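Asker: For the sequence shown, the numbering used here gives the first residue as 539, with consecutive numbering after it.
Cβ coordinates follow ideal geometry from the N, Cα and C atoms, glycine included.
Note that the structure is predicted; figures quoted are calculated from it, not measured.
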Amino acid sequence: MVADVVFPQSSENQPERIRLTHFRNLSELESGVYWPQLQPYFMKPQFRRLTYRLTGRVPNGREQEQVLSTRGASGLGVLDVAYVKDRYSTAMSIGDPGLPDYCLTSVSQGALAYVAPGARRDGDSDRTTGLIYRGLPGTRLSATDDHVRMAIWIPAPSLKERLAALLGEPGKDDIVFDPFIDWESGPGQGIRRLIWLLAEELASPNSFAANDMACRSFTDLLLYTLLRSQPNNYSMQLARPGQCPVPRIIRRAEEYIQARAGQPIALHEVADAAGCSVRSLQLGFRQFRDMTPAAAIRKARLEAVQRILVFGECGRTVTDIAYQYGFTNPGRFAGLYKRMFGVSPSNDLRRNPFRRPG
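1. Could you give the C-beta distance for Ser818 and Leu759, rounded to a whole number, given that I count them as a contact under 8 Å?
2. With a Cβ-Cβ cutoff of 7 Å, do Tyr572 and Arg562 count as a contact?
3. According to the neighbour-count rule (16 or more other Cβ atoms, all chains shown, within 10 Å of its Cβ), is Arg889 buried or exposed?
4. Quick check: the Cα distance between Ser612 and Asp886, rounded to an integer number of angstroms?
5. Considering only residues of the same chain and omitting the five flanking positions on each side of Ala747, which have a CB-CB separation below 7 Å?
6. So, with DSSP's three-state summary, where would you put Trp734?
7. Taking the alpha carbon of Leu697 as the point to measure from, which residue in Ile713, Ile690 and Asp828 has its own alpha carbon closest?
8. Would you say Arg700 and Tyr772 are within 7 Å of each other, going by their C-beta atoms?
9. To which residues does DSSP link His806 through a beta bridge?
10. Taking 8 Å as the cut-off, does the region 679 to 696 touch the region 614 to 628 (at least 3 CB pairs, one atom from each stretch)?
11. If distances are taken between C-alpha atoms only, which option among Leu776, Leu606, Phe580 and Pro597 comes closest to Glu566?
12. Just reading off the alpha helix (DSSP H) that Phe823 is part of, what are its end residues?
13. Can you list, in chain order, the residues of its chain with a C-beta nearer than 8 Å to that of Arg839? Leave out the 5 residues immediately preceding and following it.
14. Using a threshold of 7 Å, state whether the C-beta atoms of Pro831 and Val856 are closer than that.
15. On the three-pair Cβ rule with 8 Å, is the region 653 to 668 touching the region 713 to 722?
16. Just the C-alpha distance for Gly813 and Gly636, rounded to the nearest angstrom, thanks.
17. Consult DSSP for Asp634 and reduce its assignment to one of helix, strand or coil.
18. Does DSSP put Ser565 in a helix, in a strand, or in coil?
19. Could you tell me which of Ile632, Arg836, Ala834 and Asp810 sits nearest to Cys641, measuring between CA atoms?
20. Report the three-state DSSP secondary structure of Arg586 (helix, strand or coil).
21. On the DSSP letters alone, give me the boundaries of the alpha helix (DSSP H) that Phe756 sits inside.
22. Using the three-state DSSP reduction, which class does Phe715 fall into: helix, strand or coil?
23. Can you give the Cα-Cα distance for Gly880 and Leu805, rounded to whole angstroms?
24. Return yes when the Cβ of Ser755 is within less than 7 Å of the Cβ of Ile787, no when it is not.
25. In this structure, does DSSP put Ser646 in helix, strand or coil?
26. What do you reckon, are the CB atoms on Leu558 and Gly610 nearer than 7 Å?
27. Do you know how far the Cα of Ile803 is from the Cα of Glu792?
28. Determine the extent of the beta strand (DSSP E) in which Asp886 is found, giving its start and end residues.
29. Tell me the DSSP secondary structure of Arg672 in three-state form.
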């Protein structure tokens, strides 16, 4: 089942970081996305090149009686985030000379037809299919009646910077993604979870959006995930061995865990040290390490025990050493150790050349 991205539906008591407005006037709606009500978001001059046109027919005399469209705007660091809810079908077009940014779109109601000059393929985005495209001139999105979507605009330089980090050198060509994302696939689910997290954080009164380090960490996680998960013209290069560095939040978290393997570690402490939220930490480890943060802590502790058993100068028992690192059940510890290293902890201790007789 595909869950929906949820944005606030009312301008009353809306979160501080989201601007929400309702349009009843057709001419105002069709004037573009440079609407004053959404300040301070979407104020870059390039967004003037986006134009909207109502293509569905409004019943006579009802234009001023009902909300034609609800628009929301927010931002997280370099990311511009839009929320669109249209009562009647609309078309969005990008005029010359286009936008340099990429747009990651998640449709939660209705459908969105995508057509762009030179695109790998045209097609529809809906609740099961995401969309990522670049703001090339001539691009057109056509939405059905009763349509809802969330759009995240990503600056091209930010994507290129992460690509260069993955490749070890700048990419020679612009990044071209396959435009359609299967939300039900493994890679698609990873991207979708990050979109959900972004929507939740922007709507939260305790959002990490106020923390610059957390914003950069989340942006890292989202952009690296896009580059590695969504097919693009660099996918073959990125699949080569040695081409998969991990986001900084994971490296910082692992350094923190390894330095404190013998101490109590709370998940929120790891997240604080990494500069991200607990949810971002969980998603990052799932995406880039295929494990939970708790499993990473257990792994670091098992490795610390192994170093003592194999190389340490000690006269202690396996049980004593394991207990030092939080393993209070000897039988369970022995099973975990053997599954990880292929040998029992007692065998490793017996082979230790530095072991002192107990």
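Answerer: On the basis of the supplied data:
1. Numbered from 1 along the sequence shown, position 280 holds the residue referred to as residue 818. Numbered from 1 along the sequence shown, position 221 holds the residue referred to as residue 759. The pair is a contact, with the Cβ atoms about 6 Å apart (cut-off 8 Å).
2. Residue numbering aside, residue 572 sits at position 34 when the sequence shown is read from its first letter. Residue numbering aside, residue 562 sits at position 24 when the sequence shown is read from its first letter. One thing to note: Tyr572 has its Cβ no nearer than 7 Å to the Cβ of Arg562.
3. In the sequence shown, counting from the first residue as 1, residue 889 sits at position 351. Result: exposed.
4. Against the sequence shown, residue 612 aligns to sequence position 74. Against the sequence shown, residue 886 aligns to sequence position 348. Cα to Cα, the separation comes out at about 56 Å.
5. On the sequence shown, residue 747 is found 209 positions in, with the first residue counted as 1. Contacts found: Arg555, Leu614, Glu739, Leu740 and Cys753.
6. For the purposes of this step, residue 734 is identified with residue 196 of the sequence shown, where counting begins at 1. Helix at Trp734.
7. Residue mapping note: residue 697 aligns to position 159 of the sequence shown, counting from 1. If we check each option's Cα against that of Leu697, Ile713 comes out closest.
8. Counting from one through the sequence shown, the residue named residue 700 turns up at place 162. Counting from one through the sequence shown, the residue named residue 772 turns up at place 234. Their beta carbons are not under 7 Å apart, which means Arg700 does not touch Tyr772 by this criterion.
9. In the sequence shown, residue 806 corresponds to position 268, counting from 1. Per DSSP, none; premise fails for His806.
10. In short, these stretches touch, since the Cβ pair count reaches three.
11. For the purposes of this step, residue 566 is taken as the residue at position 28 of the sequence shown. It is Leu606 whose Cα lies nearest to the Cα of Glu566.
12. Here the question's residue 823 lines up with position 285 in the sequence shown. That run of the alpha helix (DSSP H) goes Val816 to Phe826.
13. For the purposes of this step, residue 839 is taken as the residue at position 301 of the sequence shown. The residues are Ala799, Gly800, Tyr863, Gly864 and Phe865.
14. Position 293 of the sequence shown holds residue 831. Position 318 of the sequence shown holds residue 856. No, the pair does not count as a contact, with Cβ atoms beyond the cut-off.
15. Yes, the region 653 to 668 is in contact with the region 713 to 722.
16. Position 275 of the sequence shown, counted from the first residue, corresponds to residue 813. Position 98 of the sequence shown, counted from the first residue, corresponds to residue 636. One C-alpha to the other measures close to 35 Å.
17. In the sequence shown, residue 634 corresponds to position 96, counting from 1. DSSP places Asp634 in coil when its eight states are reduced to three.
18. To locate residue 565, count along the sequence shown from 1; it is residue 27. Ser565: helix per DSSP, three-state reduction.
19. Along the sequence shown, read from residue 1 onward, the residue named residue 641 stands at position 103. For the set Ile632, Arg836, Ala834 and Asp810, the Cα lying nearest the Cα of Cys641 is the one of Ile632.
20. As a first step, residue 586 must be located in the sequence shown, where it is residue number 48. Note: Arg586 maps to helix in three-state DSSP.
21. In the sequence shown, residue 756 corresponds to position 218, counting from 1. Element bounds for Phe756: Asp750 to Ser767.
22. Numbered from 1 along the sequence shown, position 177 holds the residue referred to as residue 715. In the structure shown, the three-state DSSP call for Phe715 is strand.
23. Taking the sequence shown and counting its residues from 1, the one referred to as residue 880 is at position 342. Taking the sequence shown and counting its residues from 1, the one referred to as residue 805 is at position 267. Those two C-alpha atoms are separated by around 28 Å.
24. Along the sequence shown, one-based indexing puts residue 787 at 249. Along the sequence shown, one-based indexing puts residue 755 at 217. Their beta carbons are under 7 Å apart, which means Ile787 touches Ser755 by this criterion.
25. Position 108 of the sequence shown, counting from 1, holds the residue named residue 646. Looking at Ser646 - three-state DSSP - the assignment turns out to be strand.
26. Working through the sequence shown from its first residue, we reach residue 558 at position 20. Working through the sequence shown from its first residue, we reach residue 610 at position 72. Their beta carbons are under 7 Å apart, which means Leu558 touches Gly610 by this criterion.
27. Walking along the sequence shown from the start, residue 792 turns up at place 254. Walking along the sequence shown from the start, residue 803 turns up at place 265. Those two C-alpha atoms are separated by around 12 Å.
28. Taking the sequence shown and counting its residues from 1, one reaches residue 886 at position 348. Note, Asp886: premise wrong, no beta strand (DSSP E); alpha helix (DSSP H) at Pro883 to Arg888.
29. The residue labelled residue 672 in the question sits at position 134 within the sequence shown. Arg672: strand per DSSP, three-state reduction.
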